[in-house]
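Novice: Numbering (the working numbering), first residue to last: 387 to 655. Every residue, glycine too, gets a C-beta built ideally from N, C-alpha and C. The structure under discussion is supplied below as structure tokens; questions concerning it will follow.
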């Protein structure tokens, strides 16, 4: 039996105290089938570092010192990589969607009052500045949830940000569940969302798997909050590249090249 099945090891780093007002949950359980390797997706390297390291660093730079990583496929490898990194872990043994993934981590923030940031572990281009702006907007508006979005010239495959004629945020519709009109929308969900912790705990029990994929979408929480009359918001990042996830080796190399170009530009300037 794996030594990581001992739950005391999974949660060995820290416990919540009254001084903590924000926690980041990084979704890192995916296998990444299109990567065509047996390595957990978040351990694939960009310029010599596993992509999840960039995500953790950017969350911490934005003020999220407490990190919970939701792990699944070959989770022992991810835990081994980060065992000395002051990170907690939650295990998602079955891949049943982002809502289910966050629910697997709920014990880590159930008694916590503050902001819970959820972000994908395969999006290393989401900057600490954007996370800071997202968090500040979320707190200023006293929202139940605030989503980071971007606008793309080709939004195919991404969840769409659906607004009414006045610009009010109504819901997120995943591409596979979207009709023709919704697919014309070019504002997309990055998967980076700030939640009020108590609102998140409550809404997780209301999310259903009535969709094309049969999964529990965390994004369904937005429509539920709207139905409850709770405040939700979506803010658009300036740089569309922050919405780029990594689902294939080609995308990995593309993001790696973007990072190198960005670093070169910084050195010149």
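(1) List the endpoints of the continuous alpha helix (DSSP H) containing residue 632.
(2) At 4 residues or longer, what runs of the alpha helix (DSSP H) sit wholly inside the segment 592 to 649?
(3) Closest to residue 412 by CA distance: which of 621, 554 and 452 is it?
(4) Just to confirm, are residue 558 and residue 602 a CB contact at a threshold of 9 Å?
(5) What are the start and end residues of each continuous alpha helix (DSSP H) run of 4 or more residues lying completely inside the segment 555 to 589, in chain order?
(6) Tell me, which residues are paired with residue 410 by DSSP?
(7) Assign residue 377 to one of three DSSP states: helix, strand, or coil.
(8) For residue 513 and residue 444, I'd like the C-alpha separation in whole angstroms.
(9) For the beta strand (DSSP E) holding residue 532, just list the boundary residues, first then last.
(10) How far does the beta strand (DSSP E) with residue 420 in it reach, from first residue to last?
(11) Could you tell me whether the segment 627 to 634 touches the segment 417 to 430, where touching means 3 or more Cβ pairs closer than 8 Å?
(12) Could you tell me which of 432, 437, 555 and 562 sits nearest to residue 596, measuring between CA atoms?
(13) For the candidate residues 437, 510, 583 and 576, whose alpha-carbon lies nearest to that of residue 496?
(14) What are the boundary residues of the beta strand (DSSP E) that residue 546 is part of?
(15) Alpha carbon to alpha carbon, what distance is there between residue 505 and residue 457?
(16) On the criterion of 16 or more Cβ atoms from any shown chain inside 10 Å, does residue 638 qualify as buried, or is it exposed?
(17) Within 10 angstroms of its Cβ, does residue 606 collect 16 or more other Cβ (buried), or is it exposed?
(18) Is it buried or exposed for residue 647, if we count other Cβ within 10 angstroms and need 16 for buried?
(19) With DSSP collapsed to three states, give me the class of residue 511.
(20) Looking only at its own chain, which residues have a Cβ that is under 6 Å from the Cβ of residue 594, when we skip the five neighbours before and after it?
(21) In whole angstroms, give me the CA-to-CA distance for residue 409 and residue 429.
(22) If you reduce the DSSP assignment to three classes, tell me which class residue 435 lands in.
(23) How about residue 491 and residue 454: are their beta carbons less than 9 Å apart?
(24) Counting Cβ pairs, one atom from each stretch, are 3 or more of them under 8 Å apart for the segment 510 to 524 and the segment 567 to 587?
(25) Just how far apart, CA to CA, sit residue 531 and residue 567?
(26) Could you say if the segment 617 to 631 and the segment 535 to 542 meet the contact criterion of at least three C-beta pairs nearer than 8 Å?
(27) Can you list, in chain order, the residues of its chain with a C-beta nearer than 6 Å to that of residue 485? Leave out the 5 residues immediately preceding and following it.
Specialist: Answer, in terms of the structure:
(1) The count along the chain shown starts at 1 and reaches residue 632 at position 246. Unbroken run through residue 632: none, as it is neither H nor E.
(2) 606 to 614
(3) As a working note, residue 412 is residue 26 in the chain shown. Minimum Cα distance to residue 412 is reached at 452.
(4) For the purposes of this step, residue 558 is taken as the residue at position 172 of the chain shown. For the purposes of this step, residue 602 is taken as the residue at position 216 of the chain shown. Contact: no.
(5) 566 to 569
(6) By one-based count along the chain shown, residue 410 stands at place 24. Residue 410 pairs with 453 and 503.
(7) The requested residue 377 is not part of the displayed model; the chain covers only 387 to 655.
(8) Counting from one through the chain shown, the residue named residue 513 turns up at place 127. Counting from one through the chain shown, the residue named residue 444 turns up at place 58. Their backbone Cα atoms lie some 6 Å apart in a straight line.
(9) Within the chain shown, numbered from 1, the residue matching residue 532 stands at position 146. Counting along the chain, the beta strand (DSSP E) containing residue 532 begins and ends at 531 to 537.
(10) Against the chain shown, residue 420 aligns to sequence position 34. Here residue 420 belongs to no beta strand (DSSP E), and DSSP marks it neither H nor E.
(11) yes
(12) The residue labelled residue 596 in the question sits at position 210 within the chain shown. That would be 562, whose Cα lies nearest to the Cα of residue 596.
(13) Residue numbering aside, residue 496 sits at position 110 when the chain shown is read from its first letter. The residue with the shortest Cα to Cα distance from residue 496 is 583.
(14) Position 160 of the chain shown, counted from the first residue, corresponds to residue 546. Its beta strand (DSSP E) spans residues 546 to 549.
(15) Within the chain shown, the letter at position 71 stands for residue 457. Within the chain shown, the letter at position 119 stands for residue 505. Cα to Cα, residue 457 sits roughly 13 Å from residue 505.
(16) Looking up residue 638 in the chain shown gives position 252. The residue is buried, with at least 16 neighbouring Cβ atoms inside 10 Å.
(17) By one-based count along the chain shown, residue 606 stands at place 220. It is buried - the Cβ of residue 606 has at least 16 other Cβ atoms within 10 Å.
(18) Here residue 647 refers to the residue found at position 261 of the chain shown. Flag for residue 647 reads exposed.
(19) Indexing the chain shown from 1 puts residue 511 at position 125. Here residue 511 sits in coil by DSSP.
(20) Residue numbering aside, residue 594 sits at position 208 when the chain shown is read from its first letter. Nothing meets the Cβ criterion.
(21) On the chain shown, position 23 is the one that residue 409 refers to. On the chain shown, position 43 is the one that residue 429 refers to. Spanning the two alpha carbons is a distance of roughly 22 Å.
(22) For the purposes of this step, residue 435 is taken as the residue at position 49 of the chain shown. Strand at residue 435.
(23) Your numbering for residue 491 matches position 105 in the chain shown. Your numbering for residue 454 matches position 68 in the chain shown. Yes, the pair counts as a contact, with Cβ atoms nearer than the cut-off.
(24) yes
(25) Position 145 of the chain shown, counted from the first residue, corresponds to residue 531. Position 181 of the chain shown, counted from the first residue, corresponds to residue 567. Looking at the two C-alpha atoms, the distance is approximately 25 Å.
(26) yes
(27) The residue labelled residue 485 in the question sits at position 99 within the chain shown. Excluding sequence neighbours, residue 485 sits near 593, 602, 603 and 604.
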